[in-house]
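Counting from 37, one number per residue, gives the positions in the sequence shown under the numbering used here. For every residue, glycine included, the Cβ atom is placed at its ideal position computed from N, Cα and C. Structure first, then comments.
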Amino acid sequence: MSSTSSFSSAVGRNTFCFCRQEARVRTSWTVDNPDRRFFGCRFWKVNGGECNFFKWLDDPIEDRSKTVILSLLKEKREFALKRENDTSSGKFYKNALIASWVFFVAVCIFKYVNN
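Right, here's the structure in full:
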């Protein structure tokens, strides 16, 4: 992952935005341009986008590649959602089991004390 970061910063060198700052390499995740890199102003979110510098770094993505990337992202989101649901229902059953054992132990103690 560090190789990607160093590559991104090396690519951005000598590309300056309208603020005369070194442009940052960003990645688009829109439907039309998934995983396509572009240069953008480093103060884009700080200054409310006043600079508006934008320049594509990567060539346009072919339609087949877009379809594959978007379907993989959809599968990833669905898997994460399913995993989250499985985890939350598993916690429910675990807590129910613990509560039933606590109740069982309390009943046993109550019966032992009253005998």
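(request) For Gln57, collect the residues of the same chain with a Cβ closer than 8 Å to its Cβ; drop the 5 residues on either side in sequence, then sort them by chain order. (result) Cys77, Arg78, Phe79
(request) Give the single residue among Ala132, Ser107, Arg73, Glu86 whose Cα lies nearest to the Cα of Leu93. (result) Arg73
(request) Under 6 Å Cβ to Cβ from Lys91, same chain only, skipping five residues before and after it: list those, please. (result) Phe75
(request) Note down, one range per segment and in chain order, each beta strand (DSSP E) of at least 3 residues found wholly within the stretch 45 to 92. (result) 60 to 65, 70 to 76, 90 to 92
(request) State yes or no: is the C-beta of Phe89 within less than 9 Å of the C-beta of Phe128? (result) no
(message) Let me confirm a value: Cys87 is counted as buried when at least 16 other C-beta atoms fall within 10 Å, else exposed. Which label applies?
(response) buried
(message) Which of the three DSSP states is assigned to Asp99 in this structure?
(response) helix
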